[in-house]
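These notes concern the structure reproduced below.
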Ligand SMILES: Nc1ncnc2c1ncn2[C@@H]1O[C@H](COP(=O)(O)OP(=O)(O)O)[C@@H](O)[C@H]1O
Ligand SMILES: [Mg+2]
């Protein structure tokens, strides 16, 4: 079977102030994601999670190594991949509907096709009635719903999410987590998800890649054996959840010198 995403021996270093290559940020990262698989990346700040996601999107290039989306080498952003940012990155001068339709516009879809997709996306993320609002007129949770709808509007194979709930309060975060899990159950995507939150990683993931730092590398791949559909409050009380959490905690505290 062709992998949804195949990451082969990625290394990344940035030039230092003198222009010489600095210490590697990412060293020898390799893994495959199956189509429809949900993989979380968890690890200390600065271990290169955002850098790796940017390389997967094609916004940055690796120093060495290659990433394939299906069997095509990634070297620039393309419509088979979409990115959801922690701080939403909406255009303040565009309405909710026009933000959601932005990628479709760039792709050159005609107006009526765009309107159709935007209508479906608005309803998928629960923003009916807010189409004509501007970002500053809606809450953070709703702004991230726009960010997610904008990403899904292109019907990407691969969804890249960089701490998408990191800027939200706990209640909004839980509600959005549940809604995203429902959406992905209906329209599965190969998803790479960066988070600091262990509970969130366990709730969503088929697999969790635990990263270490200096250089950023995968220290362990943790499989989440919990059946789907998952209900956050039910799995949280389970033995497997407690064991996974403890295991992740011990890996991360070792990496963070706690
Ligand atoms: N454009 C860049 N130029 C130089 N250094 C960078 C650049 N982007 C990231 N870095 C460095 O790479 C390391 C990893 O950053 P990042 O990928 O943002 O980590 P994480 O998302 O895991 O917190 C950090 O030390 C950061 O300072
Ligand atoms: Mg980051």
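In the numbering used here, the protein residues as written are 3 to 260. Beta carbons are placed, not taken as given, at the ideal position from N, Cα and C, and that holds for glycine. Bear in mind that the values here come from a model prediction, so they are computed numbers and not experimental data.
Taking a cut-off of 8 Å on C-beta distances, the region 241 to 253 does not touch the region 66 to 75, as fewer than three cross pairs fall below it. According to the DSSP secondary-structure assignment, residue 223 is paired through a beta bridge with 211.
The three-state reading of DSSP puts residue 8 in strand, counting E and B together. Every residue whose Cβ sits closer than 5 Å to any heavy atom of ligand 1 is listed here in chain order: 16, 27, 47, 48, 49, 50, 51, 52 and 53. An exposed status is given to residue 110, since fewer than 16 other beta-carbon atoms sit within 10 Å of its beta-carbon. Taking the C-beta atoms as reference points, residue 102 is found nearer than 8 Å to residue 151.
Counting C-beta pairs with one atom in each stretch, the region 131 to 149 and the region 188 to 202 have fewer than three that are closer than 8 Å, which means they do not touch.
Here the C-alpha atom of residue 57 lies approximately 19 Å from the C-alpha atom of residue 37. Comparing alpha-carbon positions, the option among 170, 86, 44 and 84 lying closest to residue 252 turns out to be 44.
In the three-state reduction of the DSSP assignment, residue 51 falls in the helix class, which pools H, G and I.
The Cβ atoms of residue 106 and residue 119 sit closer than 8 Å to each other. Between residue 207 and the set 191, 217 and 218, the nearest pair of CA atoms involves 191. Here residue 68 carries a strand assignment [DSSP, helix/strand/coil]. The beta carbon of residue 222 lies closer than 7 Å to those of 212 and 253 in the same chain, with the five residues before and after it left out. In this structure, residue 86 has its beta carbon at no less than 7 Å from each heavy atom of ligand 2. Looking from the CA of residue 108, the closest CA among 87, 97 and 80 belongs to 80. Between the alpha carbons of residue 28 and residue 201 lies a gap of roughly 25 Å. In this structure, residue 196 has its CB closer than 7 Å to one or more heavy atoms of ligand 2.
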